[in-house]
Amino acid sequence: MVELMTQYKQHIIDELAKLQIKYAECKIEMDEFIASITRLGVDSPGDIEEHRSNAEEARYDYKISKHQNKF
């Protein structure tokens, strides 16, 4: 039972990371990001804000990195 819970938790963590990458790479917009993390069970306002903030920072870093690679 504990192993199953650990696998499920890791699955959620992996899915959240994939969504953050998709958002960072401008493949999805914030409304889709929020809807997706909510479907994964992130539903408290504080948790949603934390994930939103992390995704925004990842997008900023991605854009800066992409811009720097042009030069």
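Under our numbering, the sequence shown has 7 at position 5, and the numbering climbs by one with no breaks. C-beta atoms are modelled at their ideal positions from N, C-alpha and C, and glycine is treated no differently.
field: Distance between Lys72 and Arg41 (C-alpha atoms, nearest Å)
entry: As a position in the sequence shown, residue 41 is number 39, starting the count at 1. As a position in the sequence shown, residue 72 is number 70, starting the count at 1. The alpha-carbon atoms of Arg41 and Lys72 are separated by roughly 37 Å.
message: Buried or exposed, going by whether 16 or more other CB atoms sit within 10 Å of the CB of Ala26?
response: Sequence index remark: in the sequence shown, residue 26 carries index 24 (1-based). Under this definition Ala26 is a buried residue.
task: Within its chain, find whatever has a CB closer than 7 Å to the CB of Lys24; leave out the 5 residues flanking it on each side and keep chain order.
output: Start at 1 with the first residue of the sequence shown, and residue 24 comes out as number 22. Cβ-Cβ distances below 7 Å link Lys24 to Ile30 in the same chain, with the five nearest sequence neighbours on each side left out; the list follows chain order.
Closer than 8 Å: Gly43 CB and nearest the ligand HEM heavy atom: Here there are no bound small molecules, and the ligand HEM is not part of this structure.
query: Beta-carbon separation of Ile14 and Gly48 under 9 Å?
result: For the purposes of this step, residue 14 is taken as the residue at position 12 of the sequence shown. For the purposes of this step, residue 48 is taken as the residue at position 46 of the sequence shown. Cβ atoms of Ile14 and Gly48: not closer than 9 Å.
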